[in-house]
Amino acid sequence: MRPVDELILPDDVGYTENHEWARKDGSAMVAGITDYAQEELGDIVYVELPEIGQSFEKGAEFGTVESVKAVAELYMPVAGEIAGTNPELENRPDLVNEDPYGRGWLVMIRPADPGEMQSLMDKATYYNLLKGL
Amino acid sequence: MSPEPKQTPLFQRHRQLGANFSVFGGYRMPLWYRSGAKTEHLAVICRAGLFDTSHMAALRVSGPEALGLLQQCCTRDLERCFGRDKRPLMPGGTAYGAYLNESGGVIDDTLIYQLAHQDYLSVVNAGQGALVSDHLRTAAGNSRLDVTDLTDQMGKLDLQGPASVAILIKTLENPGNVLEGLSFFSFKVDPELFPGSQTRVRLGENIPLMLSRSGYTGEMGFELFVRPQDLTTAWDYLLAAGQKEELISCGLAARDSLRTGAGLPLSHQDIGDWPFIHHPWHIALPFSPDGTGFTKQFIGSRALLDPDRHFYTCAFVGYDLRKITVSETAPPQVLDSAGKSVGIVLTCVTDMAIGRDSGGRVYSVRSPGKPQGFEPRGLCCGFLRLDRPPETGELVSLNDGRRKVKAELTRDIRPDRSAGWDINRIIEEFS
């Protein structure tokens, strides 16, 4: 495991306690799992994502990422409707390991309340949470 | 609170190699390194991987009644176990078996290495040394023998994979002599580690070894026992020498998926506190030729022959790589075609080197007859414990409460494994 100081924690995303991230993209949000989460899980071999158009509450399980070690649930960072899923992951689930905040994104969400983005942790708060683990 | 985990002498090396750690058997051990568990798993099947297995416990059982004690405690009949013709175990030979309690439940499994007449090394799982040595000493009573725990005096590396032979040819002082006649489940030891021995077995810059053709991956490979002070030198030397063969360090995650695909049990998970019978590891039991009884009595044997509270352990292989989560507190259920619960899941992992063709046949990346362009994504596989006898080929559903996975009961999981191959065949294929 890389030390927390070496983990990539971008400034332009919000973080959750379940180690998901979300980034504003116009009126929608893009979400994925953090560098910490992918490192903890190890090689990701399968990603199970919801149907486009499904709606979930904040914190609801919307899919799973499966690594060689475990099957981990994915939780909605904000309430909303799934507006898109990453089509590349079917053949390249390892993109989640390789580029968790970029090509390894999981879903695009149309938030029920655009203001809910403010409820996510900023980088400093998430960093402190990781330090405490 | 559990005590602070122990480390092996290679801990700093593992850190330098970017290991992701987990605690196993009381030791902080690498789960995988930077290359990741999938690459490590495939490396052992196609090339070579190096594992730190120094966390395993080793007991020496020696004295005039050592064989008698092992015959009383181990499920293997050491007087009828070696080779196809069931010869007695001899110095230089190795045998797999288990130690049971009176109820037939597994205390631990073991590999027994016969060092000399009435002198044996029993390697058991990490953290189990004290438990097993207590068991052996109790059973020994006043017998004339010693049980010595050598765990902290032993370093151990497993060099596994078909290219391990080529790497040893480069790194052993006298490879011709050492590898000559080193059949599957046999070993040679340097006189400096065991004075009775005749063959010099040295690695690189004069590191005395016990070299055993064994391992727990199902692939061609070797266990290297060294003194703890030589462990880091041996590790570095092998990794450097194996660069051309693309040797990489491998962690416990790859070890677990490799051993599962090879159909090998993990103690305290696939075998445990239930009668050690009706499982795929019948080689570990001393069945009489007609299969109705045993060739010897041993602790637990009576319970094994009493059919009252038996379970049936068998292997399974799935249809894609998706796993279910095995939790000890709420074990996933096995459902038959009618949806009735018939048992529990003991192990469920993904063997990333296997896949099915369009007809459903399982191939490995190294299967000679694999379909053209075959690129497996892996299949979930593992072991189930059923309440009734399994039928090979039967389809079941595994349910962990969140996910259901279809699986086929099978005799074997990953085909075309190299563990038992002739060394010369490997040399030909890899030179």
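Quick mapping for you: the protein sequence lines, in order, are chains V and D. Residues in the first sequence are numbered consecutively from 1, following our numbering. Residues in the second sequence are numbered consecutively from 1001, following our numbering. Quick reminder that beta carbons are idealized off the backbone N, C-alpha and C, glycines included. Quick caveat: nothing in here was measured; it's all calculated off a predicted structure.
C-beta neighbour in chain C for residue i, strict 9 Å
{"i": "R1322/D", "result": "Of the protein chains in this structure, namely V and D, none is chain C."}
Unbroken alpha helix (DSSP H) run spanning residue i, endpoints
{"i": "S1133/D", "result": "G1129 to A1140"}
{"i": "V1165/D", "result": "S1164 to T1171"}
{"i": "P1030/D", "result": "No alpha helix (DSSP H) holds P1030/D; the beta strand (DSSP E) holding it covers Y1027 to W1032."}
{"i": "P1194/D", "result": "A quick correction: the sequence has Phe, not Pro, at residue 1194/D. From DSSP, F1194/D is part of no alpha helix (DSSP H); its letter is neither H nor E."}
{"i": "R1302/D", "result": "S1301 to L1304"}
{"i": "T1392/D", "result": "Looking at the DSSP string, T1392/D is not in any alpha helix (DSSP H), and its letter there is neither H nor E."}
{"i": "Q118/V", "result": "Segment: none, Q118/V is in no alpha helix (DSSP H) and carries neither H nor E."}
{"i": "H1505/D", "result": "The structure shown does not extend to residue 1505/D, since chain D is modelled only from 1001 to 1431, so the question has no answer here."}
{"i": "N1177/D", "result": "P1175 to L1179"}
{"i": "N97/V", "result": "L95 to E98"}
One or two residues paired with residue i in a DSSP bridge
{"i": "I33/V", "result": "E20/V"}
{"i": "T1292/D", "result": "Paired residue(s): none; T1292/D is not in a bridge."}
{"i": "V1226/D", "result": "G1155/D"}
{"i": "Y1099/D", "result": "C1074/D and D1108/D"}
{"i": "E66/V", "result": "Y46/V and V71/V"}
{"i": "D1052/D", "result": "L1157/D"}
{"i": "V1334/D", "result": "G1343/D and L1398/D"}
{"i": "G14/V", "result": "A22/V"}
{"i": "C1348/D", "result": "G1382/D"}
{"i": "E1328/D", "result": "Answer by DSSP bridge pairing: none, since E1328/D is not bridged."}
{"i": "E1040/D", "result": "Looking at the DSSP assignment, E1040/D forms no beta bridge with any residue, so it has no partner."}
{"i": "G1093/D", "result": "S1186/D"}
Cβ-Cβ distance between residue i and residue j below 9 Å
{"i": "T1325/D", "j": "R1425/D", "result": "no"}
{"i": "H1310/D", "j": "P1275/D", "result": "yes"}
{"i": "P93/V", "j": "V45/V", "result": "yes"}
{"i": "Q1160/D", "j": "C1250/D", "result": "yes"}
{"i": "F1383/D", "j": "T1347/D", "result": "yes"}
{"i": "A1241/D", "j": "K1170/D", "result": "yes"}
{"i": "G1155/D", "j": "V1061/D", "result": "no"}
{"i": "M108/V", "j": "D25/V", "result": "yes"}
{"i": "L1182/D", "j": "L1211/D", "result": "yes"}
{"i": "P1005/D", "j": "Y1027/D", "result": "yes"}
{"i": "S55/V", "j": "P114/V", "result": "no"}
{"i": "A1303/D", "j": "L1100/D", "result": "yes"}
{"i": "P1280/D", "j": "R1411/D", "result": "yes"}
{"i": "G1093/D", "j": "Q1114/D", "result": "yes"}
Span of the beta strand (DSSP E), counted from its first residue to its last, around residue i
{"i": "F1316/D", "result": "Y1312 to G1318"}
{"i": "F1383/D", "result": "L1379 to L1386"}
{"i": "R1356/D", "result": "I1354 to R1356"}
{"i": "Y1120/D", "result": "D1119 to V1124"}
{"i": "V1408/D", "result": "According to the sequence provided, residue 1408/D is Glu. The question's Val does not apply to it. It spans K1404 to T1410 - the beta strand (DSSP E) in which E1408/D sits, taken as one unbroken run."}
{"i": "A83/V", "result": "G80 to T85"}
{"i": "R1459/D", "result": "In the structure as shown, chain D begins at 1001 and stops at 1431. Residue 1459/D is therefore absent and cannot be evaluated."}
{"i": "F1021/D", "result": "N1020 to F1024"}
{"i": "V1147/D", "result": "D1146 to D1149"}
Chain D residues whose Cβ lies nearer than 8 Å to that of residue i
{"i": "K166/V", "result": "This structure gives no information on residue 166/V, because the portion of chain V shown stretches from 1 to 133."}
{"i": "M121/V", "result": "By Cβ distance, chain D contributes nothing, its closest Cβ being about 24 Å from M121/V, past 8 Å."}
Contact set between residue i and chain D, taken where Cβ atoms lie within less than 7 Å
{"i": "D43/V", "result": "G1036, A1037 and K1038"}
{"i": "E66/V", "result": "R1322 and K1323"}
Three-state secondary structure (DSSP) of residue i
{"i": "P1208/D", "result": "strand"}
{"i": "S1364/D", "result": "strand"}
{"i": "T1199/D", "result": "coil"}
{"i": "P111/V", "result": "strand"}
{"i": "N1424/D", "result": "helix"}
{"i": "A1253/D", "result": "helix"}
{"i": "A1234/D", "result": "helix"}
{"i": "K1188/D", "result": "strand"}
{"i": "L1115/D", "result": "strand"}
{"i": "K131/V", "result": "helix"}
{"i": "E61/V", "result": "strand"}
{"i": "K1006/D", "result": "strand"}
{"i": "A28/V", "result": "strand"}
{"i": "T1217/D", "result": "coil"}
{"i": "I1271/D", "result": "strand"}
{"i": "K1248/D", "result": "It is worth fixing the name first, because residue 1248/D is Ile in this sequence and not Lys. Residue state, collapsed to three classes: strand."}
{"i": "R103/V", "result": "coil"}
{"i": "F1430/D", "result": "helix"}
Partners in chain V for residue i, counting only beta-carbon separations shorter than 7 Å
{"i": "G1378/D", "result": "V45"}
{"i": "T1350/D", "result": "V45 and V68"}
Interface partners of residue i on chain V, CB under 9 Å
{"i": "F1021/D", "result": "M1"}
Any non-hydrogen atom of the ligand FMN within 8 Å of residue i CB
{"i": "M1210/D", "result": "Among the components modelled here there is no ligand, and therefore nothing to report on the ligand FMN."}
Residues that residue i contacts on chain V, provided the C-beta gap is smaller than 8 Å
{"i": "S1257/D", "result": "V68"}
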